[in-house]
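Chains F and E, in that order, are what the protein sequence lines are. Using the numbering used here, read the first sequence as starting at 2 and increasing by one per residue. Using the numbering used here, read the second sequence as starting at 10 and increasing by one per residue. Ideal Cβ positions, reconstructed from N, Cα and C, are used throughout, including at glycine. All values reported here derive from a predicted model rather than from experimental measurement.
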Amino acid sequence: MIECTLTQYPIFIIDGGRRHAGASGVSESGPMDRTAFRLANQLLHQDVYTSALEVMGECRFVAHTSMSIAITGGNATITLATTLNNTLSTCSYKPDQVINLIAGDKFSIGRLQQGMRLVVGIAGGIDVPLFFDSRCGIMREKFGGLGQGKPILSGDRFAIGCYQPVSHEGEMPSDYSNQSSEYQPIISPSTGIAGVTEIDFVPNYQHAQFSLYARYLFTSQLMQVSQQSNRMGLRIHSNQAIPSIVKHESQALALGVVQIPPNGQPIVMGPDRQTHGGYPVIGTVPEYALDKLVQLTPNESFTFVPVNIEMAIAKYWMNLR
Amino acid sequence: MTHLVKQKIVVQWVTPTTLHCEFGELDCTVNKALLIGRCRLYLYEHMAIKLADIVPGFNELLVQFIPSEIDYFADLHQVERLLKQYAMDSSATTSNTASVSTQGTGKRGITHIPVDFGMDYDLVDVAQRLTLSRTDLIAQFCAIEFSVILNGFMPGFIYLSGLPDKFHLPRLATPRLKVPAGAVAIADAYCGIYPQCSPGGWHILGVTEHVLFDIERSTPASFVTGDIIQFYPLTPVMPVITPILTAKIAPKITSSKEASSD
Chain F
2 MIECTLTQYP
12 IFIIDGGRRH
22 AGASGVSESG
32 PMDRTAFRLA
42 NQLLHQDVYT
52 SALEVMGECR
62 FVAHTSMSIA
72 ITGGNATITL
82 ATTLNNTLST
92 CSYKPDQVIN
102 LIAGDKFSIG
112 RLQQGMRLVV
122 GIAGGIDVPL
132 FFDSRCGIMR
142 EKFGGLGQGK
152 PILSGDRFAI
162 GCYQPVSHEG
172 EMPSDYSNQS
182 SEYQPIISPS
192 TGIAGVTEID
202 FVPNYQHAQF
212 SLYARYLFTS
222 QLMQVSQQSN
232 RMGLRIHSNQ
242 AIPSIVKHES
252 QALALGVVQI
262 PPNGQPIVMG
272 PDRQTHGGYP
282 VIGTVPEYAL
292 DKLVQLTPNE
302 SFTFVPVNIE
312 MAIAKYWMNL
322 R
Chain E
10 MTHLVKQKIV
20 VQWVTPTTLH
30 CEFGELDCTV
40 NKALLIGRCR
50 LYLYEHMAIK
60 LADIVPGFNE
70 LLVQFIPSEI
80 DYFADLHQVE
90 RLLKQYAMDS
100 SATTSNTASV
110 STQGTGKRGI
120 THIPVDFGMD
130 YDLVDVAQRL
140 TLSRTDLIAQ
150 FCAIEFSVIL
160 NGFMPGFIYL
170 SGLPDKFHLP
180 RLATPRLKVP
190 AGAVAIADAY
200 CGIYPQCSPG
210 GWHILGVTEH
220 VLFDIERSTP
230 ASFVTGDIIQ
240 FYPLTPVMPV
250 ITPILTAKIA
260 PKITSSKEAS
270 SD
């Protein structure tokens with residue numbers, strides 16, 4: 002049992018996402034930053050799809066049972082308060098390592114110094130009911146999560162699942178805390194314009210129907226992720242609007258599709274997107290690039306860089322390794 | 010042979026785990042939706058173990074793979090081969106398009122859904138725009154046999170095809186902030202039913218209590234592609250009622266309903 006005593010933003014229960022749900026009109030859901038999600042579970046040496054928490058700001062928890070956790074995806078101060086023999090001791094941790102808690106321990110996550118969201122992996126995952134093979138919940142769909150699609154808010158308690166390590170070597174999860182040094186944070190400025198992140202996208206869907214000028218504007222200007230973004234979609238701010246095209250019929254939306262609504266400000270569709278959408282799509286942001294995009298703060302600039310699908314596939318598997 | 014030529018299917022990877030299968034121009038929406046719905050089942054039949062989901066669209070199938078199961082070239086070619094094979098077989102065996110549209114993938118007959126054609130929403134407005142009387146509008150609307158194209162937009166929201174051209178109206182200029190659960194509404198070429206309360210820009214003709222999505226059931230969504238739906242008025246439509254009179258009656262009906270459901 003674990004209790005969230007205080008949280009600045011709602012905390013979402015995430016896992017690998019729903020299976021075979023689209024034909025019922027049910028969203029896929031899943032983690033915003035899949036790289037961080039996988040890493041948290043890898044650190045805990047359990048199945049990479051084990052459910053975890055997605056945190057966007059300051060929060061405090063009390064562990065009512067012993068457990069191991071791993072926090073990934075960004076940078077924040079993690080403070081652990083333990084009471085042993087009636088003496089309170091506090092120590093702070095950095096992300097990307099396993100932290101072992103005993104019953105009664107309090108841990109808090111401070112303001113994010115880098116990135117927009119953290120993943121809190123828990124050995125054994127979170128024990129809430131499965132719907133469509135997933136524990137994710139979306140408020141508007143009214144099922145999953147803590148029940149009725151609810152996220153975790155201040156005061157909520159929830160059970161953790163049974164820990165099933167993947168390893169057969171009999172090692173304790175804590176032994177893995179030293180092995181995380183290989184991990185490169187994904188929020189790193191890449192080449193191109195100094196300090197500007199490049200976000201790969203694969204031109205597809207209605208890309209060919211957009212005017213040459215629209216396609217030029219899409220890749221040639223600096224953009225920012227708007228504050229109005231959420232798990233459904235990331236609203237992108239571009240100084241010059243991208244001229245859209247007319248498309249009448251709705252279409253099935255893949256993770257990371259970039260819709261161009263009539264106002265010319267792109268929307269990159271996230272895990273909680275609706276199954277179908279009516280706006281024309283200029284391309285898709287592959288998973289590894291989406292992981293970078295969801296961690297950009299509103300004042301960080303980026304550019305969209307076209308890559309072909311072969312390149313995207315190669316980078317996708319390189320990132321998985 | 011003309012059918013074979015027309016069924017052009019383009020299959021390509023759009024993300025490192027998703028295949029996009031676009032179905033080209035076909036004769037009419039009903040049959041295309043059915044073909045796409047059946048192709049989905051056909052793919053499941055042959056490669057279910059590799060799949061995370063197949064999302065049907067109006068003109069496409071989005072095939073999502075389990076990452077560890079992907080074999081890019083083999084899967085692309087297998088999906089392409091299966092789809093083309095199925096499309097060819099179905100156009101060869103069912104030359105009579107009418108029989109296809111009534112069969113459905115759900116293997117069910119017509120589902121009759123009661124609708125409360127109250128005056129609270131757009132019924133009068135739609136009747137005026139179509140230059141029909143309210144009773145004629147209800148009568149003509151209830152005579153239509155709708156086909157379920159797909160669930161989309163939200164859990165259990167069904168898009169229905171079969172709306173005659175004269176009923177085609179553009180969406181509301183300003184979407185409603187609150188469309189009630191069970192709203193039976195039309196927009197463009199489609200009719201739809203809102204499974205739960207939400208914002209929406211469709212013209213609401215009435216409200217039904219028919220459950221479209223229930224997460225507690227083994228199959229949460231009530232309808233699948235190809236199912237046939239026909240609406241009927243919950244209460245007999247009275248031809249000569251002035252708006253003032255109905256305004257007095259309407260609250261009575263709703264209040265008695267609430268009392269009985271409690």
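Could you compute how far the alpha carbon of E:I158 sits from the alpha carbon of F:T8?
Numbered from its first residue, the second sequence carries residue 158 of chain E at position 149. Numbered from its first residue, the first sequence carries residue 8 of chain F at position 7. Those two C-alpha atoms are separated by around 42 Å.
Would you mind reading off the limits of the beta strand (DSSP E) that contains F:E199?
Mapped onto the first sequence, residue 199 of chain F falls at position 198. F:E199 -> beta strand (DSSP E) spans T198 to P204.
Below 8 Å, how does it come out for the stretch 70 to 86 of chain F and the stretch 36 to 44 of chain F: are there three or more Cβ pairs, yes or no?
Counting Cβ pairs under 8 Å, three or more are found: they touch.
Would you call the CB atoms of F:R118 and F:I14 closer than 7 Å?
Position 117 of the first sequence, counted from the start, is the residue given in the question as residue 118 of chain F. Position 13 of the first sequence, counted from the start, is the residue given in the question as residue 14 of chain F. Contact flag unset, no.
Cβ-based neighbour list, E:R143, same chain, cut-off 7 Å, excluding 5 preceding and 5 following:
Mapped onto the second sequence, residue 143 of chain E falls at position 134. Around E:R143: L132, V133 and A136.
Could you tell me whether the stretch 19 to 30 of chain E touches the stretch 215 to 224 of chain F, where touching means 3 or more Cβ pairs closer than 8 Å?
no
Below 9 Å on C-beta distance, what does F:V56 contact in chain E?
The residue given as residue 56 of chain F occupies position 55 in the first sequence. Ordered by position in chain E, no residue passes the 9 Å Cβ test against F:V56, which lies about 25 Å from the chain.
Take F:E301 as the anchor and find which of F:E29, F:G279 and F:Q115 has the nearest alpha-carbon.
Taking the first residue of the first sequence as 1, we reach residue 301 of chain F at position 300. Taking F:E301 as reference, the option from F:E29, F:G279 and F:Q115 with the minimal CA-CA separation is F:Q115.
Residues bridged to F:L119 by DSSP?
Against the first sequence, residue 119 of chain F aligns to sequence position 118. Under the DSSP definition of a beta bridge, F:L119 partners with F:V56.
With DSSP collapsed to three states, give me the class of F:S245.
For the purposes of this step, residue 245 of chain F is taken as the residue at position 244 of the first sequence. Residue state, collapsed to three classes: coil.
Report the three-state DSSP secondary structure of E:P76 (helix, strand or coil).
Residue 76 of chain E sits at position 67 when you count from the first residue of the second sequence. It is helical.
Assuming F:F332 is part of the alpha helix (DSSP H), what are its boundary residues?
This structure cannot speak to residue 332 of chain F, because chain F is shown only from 2 to 322.
Within 8 Å of chain F by C-beta, residues of the stretch 44 to 70 of chain E in sequence order
R49, L60, A61, D62, I63, V64, P65, G66, F67, N68, E69 and L70
Rank F:S251, F:P262, F:Y164 and F:A124 by C-alpha distance to the C-alpha of F:F211 and give the top, closest one.
Numbered from its first residue, the first sequence carries residue 211 of chain F at position 210. It is F:P262.
Proximity test, Cβ basis, 7 Å: F:G23 and chain E:
Counting from 1 along the first sequence, the entry for residue 23 of chain F is found at position 22. Yes, F:G23 lies at the interface with chain E (some Cβ there is under 7 Å from its Cβ).
Quick check: is the beta carbon of E:A192 nearer than 7 Å to any beta carbon in chain F?
The sequence position of residue 192 of chain E within the second sequence is 183, counting from 1. So no, E:A192 is outside the interface.
What residues from chain F crowd round E:N160, counting only those whose CB sits closer than 7 Å?
Stepping through the second sequence from its first residue, residue 160 of chain E is reached at position 151. Simply A24, S25 and G26.
Range covered by the alpha helix (DSSP H) that runs through E:C151
Within the second sequence, the letter at position 142 stands for residue 151 of chain E. Counting along the chain, the alpha helix (DSSP H) containing E:C151 begins and ends at R143 to C151.
At the 7 Å Cβ level, is F:Q210 part of the contact set with chain E, yes or no?
Along the first sequence, read from residue 1 onward, the residue named residue 210 of chain F stands at position 209. Chain E contact via Cβ: absent.
Under 6 Å Cβ to Cβ from F:H208, same chain only, skipping five residues before and after it: list those, please.
Along the first sequence, one-based indexing puts residue 208 of chain F at 207. Exclusion of the five residues before and after F:H208 leaves I283 and G284 as the residues of its chain whose Cβ lies within less than 6 Å of its Cβ.
By how many angstroms is the C-alpha of F:S69 removed from the C-alpha of F:E183?
Taking the first sequence and counting its residues from 1, the one referred to as residue 183 of chain F is at position 182. Taking the first sequence and counting its residues from 1, the one referred to as residue 69 of chain F is at position 68. Residue placement at F:E183 cannot be trusted, given a pLDDT of 47 that sits under 50; the coordinates are not used to answer.
Delimiting residues of the beta strand (DSSP E) encompassing F:T80
Numbered from 1 along the first sequence, position 79 holds the residue referred to as residue 80 of chain F. Here the beta strand (DSSP E) through F:T80 covers I79 to L85.
Given that a residue counts as buried once 16 or more other Cβ atoms are within 10 Å of its Cβ, and exposed if not, what is E:K41?
Counted from its first residue, the second sequence places residue 41 of chain E at position 32. That one is buried.
C-beta neighbour in chain F for E:P173, strict 7 Å:
As a working note, residue 173 of chain E is residue 164 in the second sequence. False, the Cβ-Cβ gap to chain F never drops below 7 Å.
On a Cα-Cα basis, can you pick out the residue from E:V188, E:Y199, E:F162 and E:A190 that is closest to E:L172?
Within the second sequence, numbered from 1, the residue matching residue 172 of chain E stands at position 163. With respect to the C-alpha of E:L172, the residue from E:V188, E:Y199, E:F162 and E:A190 having the closest C-alpha is E:Y199.
Output yes if chain F places a C-beta closer than 7 Å to the C-beta of E:F74; else output no.
One-based indexing of the second sequence puts residue 74 of chain E at position 65. Taking a beta-carbon distance threshold of 7 Å, E:F74 does not count as an interface residue toward chain F.
For the candidate residues E:V220, E:S156 and E:H86, whose alpha-carbon lies nearest to that of E:L43?
Locating residue 43 of chain E in the second sequence gives position 34, counting from the first residue. The option with the nearest alpha carbon to E:L43 is E:S156.
Who are the Cβ neighbours of E:L181 in its own chain at under 6 Å, not counting the five residues just before and after it?
Locating residue 181 of chain E in the second sequence gives position 172, where the first residue counts as 1. Here the set comprises G210.
Tell me whether E:Y203 is buried or exposed, calling it buried when 16 or more other Cβ atoms sit within 10 Å of its Cβ.
Within the second sequence, numbered from 1, the residue matching residue 203 of chain E stands at position 194. Its Cβ being crowded by 16 or more others within 10 Å, E:Y203 is buried.
Give the DSSP-derived three-state secondary structure of E:F166 in the structure shown.
Locating residue 166 of chain E in the second sequence gives position 157, where the first residue counts as 1. Of the three classes helix, strand and coil, the one that applies to E:F166 here is coil, per DSSP.
Using 7 Å as the limit for Cβ to Cβ distance, is F:Q225 near chain E?
Sequence index remark: in the first sequence, residue 225 of chain F carries index 224 (1-based). No, F:Q225 lies away from the interface with chain E (no Cβ there is under 7 Å from its Cβ).
Within the chosen definition, does the stretch 95 to 105 of chain F reach the stretch 147 to 158 of chain F through at least 3 CB pairs nearer than 8 Å?
no
Ordered along the chain, which non-local residues of its own chain (more than five positions away) have a Cβ less than 7 Å from that of F:V307?
Residue 307 of chain F sits at position 306 when you count from the first residue of the first sequence. Sequence check: residue 307 of chain F is Pro here, not Val. Correct list, in chain order: F202, P204 and T220.
Measuring alpha carbon to alpha carbon, tell me which of F:T66, F:V295 and F:G162 ends up nearest F:P287.
In the first sequence, counting from the first residue as 1, residue 287 of chain F sits at position 286. Of the candidates F:T66, F:V295 and F:G162, the one whose C-alpha sits nearest the C-alpha of F:P287 is F:V295.
Beta-carbon gap between E:V193 and E:T228 smaller than 7 Å:
Start at 1 with the first residue of the second sequence, and residue 193 of chain E comes out as number 184. Start at 1 with the first residue of the second sequence, and residue 228 of chain E comes out as number 219. No.
For E:G165 versus E:F222, is the C-beta distance shorter than 7 Å?
For the purposes of this step, residue 165 of chain E is taken as the residue at position 156 of the second sequence. For the purposes of this step, residue 222 of chain E is taken as the residue at position 213 of the second sequence. Taking 7 Å as the Cβ cut-off, E:G165 and E:F222 qualify as a contacting pair.
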